[in-house]
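No gaps in the numbering here: position 77 of the sequence shown is 64 in my numbering, and each next residue is one more. The beta carbon of each residue, even a glycine, is placed where N, CA and C say it ideally should be. Heads up: the structure comes next, in structure tokens.
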Amino acid sequence: MTHFAGTTACIVDDHPIFRQGLCAVLQETLEIDVIAQGACATEAIALAARHCPDIMILDLTMPGGGLNALREIMDSIPSMQCILLTACDEPATAIEAMSSGAKGYILKGVGVVELEAAIDAILHGGTFVSPSFAAALLQAALSGPGKGDKGSVLTHRETQVLTELERGRTNREIAKRLAISEKTVKFYMTNIMQKYGVKNRLEAVIAHRQSHERALSRQTRLL
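Dropping the structure here:
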């Protein structure tokens, strides 16, 4: 289990029992310091400005709207790392949230491993979406201008895991090198295989190499 000692977070959700439970998981299991909590969009915007936490965790359906809060926060603090944590499983909503600046979109009820993976990815400069949204986001990425490669939607952390796998390292070795748990490595591998549309680790490595070769080929043609 990865620990994030020194990382700060604010949680904004209008369900106090859920908010308190999430706070306990973040503080007691992941060692994240929850420095403030709120229950609506107005409070979310104020907390972000007042505390500038490393991570803002926002409920989508809070009073005032999670997306509205997200957009206001991103307009005033573009570097803020925001995660939408929600029960809404509509891919279109996830796409809208990510397009509005969210770094993560995860479903309520996820396990600690997925939450850990999301925070780890975001703190390392990447993004994270629950696996159930991977296919929809991939389709959106492929239909956009200049997009034509499945590998383009891999997060920075997923790319790191795949690079270590290409070097022949085991899950345990990868976990040790990246300072994450073996379960988190497996979680990343599942996401990678879903994004590439492959069934095993070897196929993922091959797909990644082919993706890299196509990218180099496109760059060469542009020179």
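- Which residue or residues does DSSP assign as beta-bridge partners of G25? BP columns for G25 point to V(-1).
- Query: Among E145, V(-1), I106, R188, which one has its Cα closest to the Cα of D30?
  - Reply: Position check: residue 30 holds Glu in this sequence, whereas Asp was assumed. Among E145, V(-1), I106, R188, the Cα nearest to that of E30 belongs to V(-1).
- Message: Can you look up K137 in the DSSP assignment and give me helix, strand or coil?
- Response: Any reading at K137 is ruled out, since the residue's pLDDT is 49, under 50, leaving its predicted position unreliable.
- Supposed close pair S86, R58 - CB separation, criterion 8 Å: The pair is not a contact, with the Cβ atoms about 10 Å apart (cut-off 8 Å).
- Query: Among residues of its own chain, excluding the 5 on either side of V172, which ones have a beta-carbon nearer than 7 Å to its beta-carbon?
  - Reply: A distance below 7 Å between beta-carbons, with the five flanking residues on each side excluded, links V172 to the following residues of its chain, in chain order: V148, N158, I161, A162.
- Between the beta-carbon of I109 and the beta-carbon of G96, is there less than 8 Å? Cβ distance not < 8 Å, so I109 and G96 don't count as in contact.
- Message: Is the beta carbon of V99 closer than 8 Å to that of V21?
- Response: Taking 8 Å as the Cβ cut-off, V21 and V99 do not qualify as a contacting pair.
- Message: Only counting the same chain, and skipping five residues up and downstream in sequence, which positions put a Cβ closer than 7 Å to that of D107?
- Response: Cβ within range, chain order: T(-11), R144, I167, T171.
- Item | Where G112 falls: helix, strand or coil (DSSP) | Secondary structure of G112 (DSSP, three-state): coil.
- Distance, C10 Cα to A33 Cα: Distance between the alpha carbons of A33 and C10 is about 19 Å.
- Using beta-carbon positions only, say whether F174 and A104 come within less than 8 Å of one another. Yes. Within cutoff.
- With a threshold of 16 other CB atoms inside 10 Å of the CB of R6, please say whether the residue is buried or exposed. Buried.
- Expressed to the nearest angstrom, what Euclidean distance is found between the alpha-carbon atoms of M180 and N187? For M180 and N187, the distance between alpha carbons rounds to 7 Å.
- Message: Per DSSP, what are the beta-bridge partners of D46 in this structure?
- Response: The partner list for D46 (beta bridge, DSSP) reads L72.
- Query: Is D76 buried or exposed, if buried means 16 or more other CB atoms sit within 10 Å of its CB?
  - Reply: D76 is exposed by the Cβ-count criterion.
- Query: By Cβ distance below 8 Å, which residues in the same chain neighbour T177 in space, the five residues on each side in sequence not counted?
  - Reply: Counting only residues of its own chain and dropping the five nearest sequence neighbours on each side, T177 has a CB closer than 8 Å to the CB of P118.
- Message: For E101, count the other beta carbons within 10 Å of its own beta carbon; 16 or more makes it buried, fewer makes it exposed. Which is it?
- Response: E101 should be labelled buried.
- Query: When DSSP builds the beta bridges, which residues end up paired with E93?
  - Reply: Looking at the sequence itself, residue 93 is Ile, so the reference to Glu does not match. Bridge partners of I93: L72.
- Query: If you draw a straight line from the C-alpha of S63 to the C-alpha of V192, how long is it?
  - Reply: In this structure, the CA atom of S63 is about 40 Å from the CA atom of V192.
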